[in-house]
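These notes are about the structure you will find just below.
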Amino acid sequence: MDLVASLDGVGVSLGGRPVLRGITLTLTSGEVIGISGANGSGKTTLIRTLATLQRPSDGNGAILGVDIRASDLVNVRKQIGLIGHTPALVPELSLRENLTHVARLAGLDEARVGPVLDVVGLDEASDRRADVASFGMKRRIEVAHLLLRKPQLLLLDEAASGLDSSATDLIDALIATTTDRGGATIMVSHDRSYLDAKCQRTMVLATGQLEVVN
Amino acid sequence: MSRIRVLFGLAALLMAVGLWLALNAPPDALQGEYSRLINIHVPSLWLAFLAFGVTALGSMMWLIRKRPRWDRLAAASVEVGVLFTGIGLVTGMIWGHAVWGIAWDWGDPRLASTAVMFFVYLGYMALRGAIDDPVTRARRSAILGVVAFVQVPLVYFSVNLFRTLHPTQSVRPDGSTMPDEMLIAMLVNVVAFTVLYIALMAARIDVAIAEEGADSEQALAGDAVKPPKISEVEDV
Amino acid sequence: MTFWSQALEIARVDLSVERRVGETMRVVLPFAVVSLLVFPIALGLQVSVVGEIGPAVFWALGVLFGMQVALRQSAADSPERRDLQALVGVDPAARFVGRTLSGAVLTFAFLMALFIAMVVFYGPSLPPGSVPALFLSSSLFAIGLTELGTLAGEITAGIRNRTALASLIVAPLALPLVIGASQTLEALVRGESILPWVLLMIANGLALAVLGVALAKPLEEAAR
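Shown next as structure tokens:
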């Protein structure tokens, strides 16, 4: 059982205010864990900290063996996949161009863009500009990014919120392929029942700290 | 606190001596009583350069060490620096108005480049004021502090190059040798202003530490949100 | 190799976004040309004087509006896009170089169009050799100004009054570039060597490039 992510006594402050305190968490290969909490409880901050996009103010942590406080995080970041609240697309580019752009930046094989678009069901809609695409289409492009990149640590921040059942199934499949290649997933949602259905373990984030509930 | 009082006391004492010397030195033959302005003008601008140099040092050290004290140093110093650049500019303009006949002489490159420097650090202060998160603020202002440190000397250099290569008609009395009494008075004032700088810095840094202390005692961000009073919705 | 392919990819996407949005050529340029018309009217100038101030007004507007090109909204990445770039392993220095490349191309094109408008409206008498000197000074000016603009754009990312604040930061720092560029043409008029001014702009461009690359990592973190 390889350790994918670990946090030990991590605290995070934003705008000078503490948001998270004393977060301790371990995630091993193949695991899928869920974290729930009320609005404003720090779920997104926790996800961003795990994604190495937010530096902690206290405590230690490692993602895939790399210290989260390290100055060079380029290589470990390539192993992290994140779906956040707002899809990260260039509005003026088409969906296909967005995907190709990411493939080029990541140095991945552009030939896989077509098949991946096909898998997420957007091969016919792929010439639509991102700023006129629906939310569900943008979410599928984000899944497509991750199918291209194959990250070892998958972080889902309310990724299934507002999606129809076929798109939710797509996210389930993304989680399954991550698990199959020895990766791990952390998903965050305010919806406890959704997490209980999808995850092996669930925790609640309240008053800046994690409590194990299941 | 007492340390700061001692520093301010020392600065006041030295400035009193400096003022006495400045007022008792013989006036310049050409400039008359206005030559005494040099006792404020030169120390102010010396202090401004010192202050911005310290800002650059604080910025660089923050980028390397990421310790809050380097950010506090840079931030405190820039405020003192902008204040004294302002004093230096105004005294220079008063002097220019009296001696050259115009407050703003485009023939003097230092005037334009000092004004530019003033605005560069005014921008730095505006940037600090626009960012709430202390770490983001420290990082972004440290970057600007380093960029300004490289670019401001280039501004001075380019304006000088501009004046030396560009033909100019303006003829001014150049700094004929200063009498000894005047020089001594000015040097005492430079020392006095430097002590004042240290006192102001110490006080400003204490204020910054107090501000941060107040921040860190805050409750968790999410705790301020209370559950809505559903039963009262209809009555509101 | 990854460095340059990332930098070029960022520049390519920037330019194709600009082609679709047209912020520089369809908004900033017309605004700058209108400003060109305002000066002689406000000053109530004679025809001969207008010709003399033409190049100076061109560089003044060049720096003010060139800044708006460097700080254009269509090149301001959303926080989500910054996160994505970080996660796919974009080298922060490649990002800076890519941004500078696309911004410099746009600023150069903008300056050329503005110069033509200035020649039409002001009718300045240009000494021989003006066109190659203008190409040289405009390209160096565009590079330097975009480097400054990229730096300022990153440290003001996400701030509400970003454009105003970044302009306040860039304008005074751009003075060596304005002096270098405007004096190149002036030197030609006076029949002097343009070399000191060209060297000044090259030195400044290099200093800013070194700063941009050296500070790329804190810049990238700062913008998030």
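Protein chains in written order, with numbering that gives the first Met the number 0: chain A, 0 to 213; chain B, 0 to 235; chain C, 0 to 223.
In this text, a Cβ means the ideal position worked out from N, Cα and C, and glycines have one as well.
Interface criterion met: the Cβ of Arg16(A) is under 8 angstroms from a Cβ in chain B. The Cβ atoms of Val189(B) and Trp45(B) lie closer than 8 angstroms to each other.
Taking C-beta separations shorter than 8 angstroms and ignoring five residues to either side along the sequence, the partners of Leu218(C) in its chain run Pro91, Phe95, Leu150, Glu153, Ile154, Gly211, following chain order. The segment 194-205 of chain C makes contact with the segment 171-186 of chain C, as at least three CB pairs between them are under 8 angstroms. For the segment 136-202 of chain C, the full-length alpha helix (DSSP H) segments reaching 4 residues or more read 161-172, 174-189 along the chain. For the set Val81(B), Val235(B), Val134(B), the Cα lying nearest the Cα of Phe118(B) is the one of Val81(B). Listed along the chain, the chain B residues whose CB falls inside 8 angstroms of the CB of Arg191(A) amount to none; the nearest CB is some 17 angstroms away. Within chain B, the residues placing a beta-carbon under 7 angstroms from that of Ser40(A) are Gly221, ordered along the chain. Under the Cβ distance rule, Gly102(C) does not count among the residues neighbouring chain A, no pair being separated by less than 8 angstroms. Residue state for Ile142(B) is assigned as helix, using DSSP reduced to three classes. The C-beta distance from Ser112(B) to Val158(B) rounds to 4 angstroms, short enough to fall under 8 angstroms. Closer than 7 angstroms at the C-beta level to chain B, one finds these residues of the segment 172-203 of chain C: Leu172, Leu174, Pro175, Ile178, Gly179, Gln182, Pro195, Leu199, Asn203. Within chain A, the residues Ser12, Gly14, Gly15 have their CB atoms less than 9 angstroms from the CB of Pro133(B), given in chain order.
With fewer than 16 neighbouring CB atoms inside 10 Å of its own CB, Lys228(B) falls in the exposed class.
Thr183(C) sits away from Phe109(C), with the two beta carbons spaced by 8 angstroms or more. The closest CA to that of Leu88(B), considering only Met200(B), Ser43(B), Ile183(B), Ala11(B), is found on Ser43(B). Contacts with chain B at 8 angstroms (Cβ-Cβ) do not include Arg47(A).
Under DSSP, Ser188(A) takes part in a beta bridge, and its partners are Ser35(A). With respect to Leu186(B), Ile93(B) sits apart: the two C-beta atoms are not nearer than 8 angstroms. For Pro86(A), there is no enclosing alpha helix (DSSP H), as DSSP marks it with neither H nor E.
Taking 9 angstroms as the Cβ-Cβ cut-off, the segment 82-94 of chain A approaches chain C at Gly83, His84, Thr85, Pro86, Ala87, Leu88, Val89, Pro90, Glu91, Leu92, given in chain order.
Closest in alpha carbon position to Asp126(A), among Glu157(A), His189(A), Pro90(A), Val75(A), is Pro90(A). The beta-carbon distance between Val194(B) and Leu6(B), rounded to whole angstroms, is 7 angstroms. This is short enough to meet the 8 angstroms contact definition. Note on Gln53(A): 16 or more other CB atoms within 10 angstroms of its CB, so buried under the neighbour-count rule. Residue-level contact check: Ile142(B) touches chain C, since one or more beta carbons of chain C fall below 8 angstroms from its beta carbon. Using a CB distance below 8 angstroms, the part of the segment 6-32 of chain C facing chain A consists of Glu8, Ile9, Val12, Ser15, Val16, Arg19, Val20, ordered along the chain.
Taking C-beta separations shorter than 8 angstroms and ignoring five residues to either side along the sequence, Glu123(A) has no partners in its chain. The beta carbon of Gln151(A) sits closer than 8 angstroms to those of Val3, Leu63, Gln78, Ile79, Thr177, Arg180, Gly181, Gly182, Ala183, all from its chain and outside the five residues before and after it, given in chain order. Contact between Val27(C) and Phe64(C) holds: CB atoms are separated by about 5 angstroms, below the 8 angstroms threshold. The C-beta of Gln45(C) has fewer than 16 other C-beta atoms within 10 Å across all chains shown, which makes the residue exposed. The beta carbons of Leu145(A) and Leu173(A) sit closer together than 8 angstroms. If you compare the alpha carbons of Arg95(A), Arg138(A), Lys149(A), Val187(A) with that of Ser164(A), the shortest gap goes to Arg138(A).
A residue is called buried when at least 16 other Cβ atoms come within 10 angstroms of its Cβ; Ser70(A) does not meet this threshold and is exposed. Listed in chain order, the alpha helix (DSSP H) runs fully inside the segment 113-185 of chain A are 134-148, 164-179, counting runs of at least 4 residues.
With respect to the 8 angstroms criterion, Leu144(C) and Val62(C) are classified as neighbours on the basis of their beta carbons. Straight across, the Cα-Cα distance linking Arg127(B) with Leu121(B) is about 10 angstroms.
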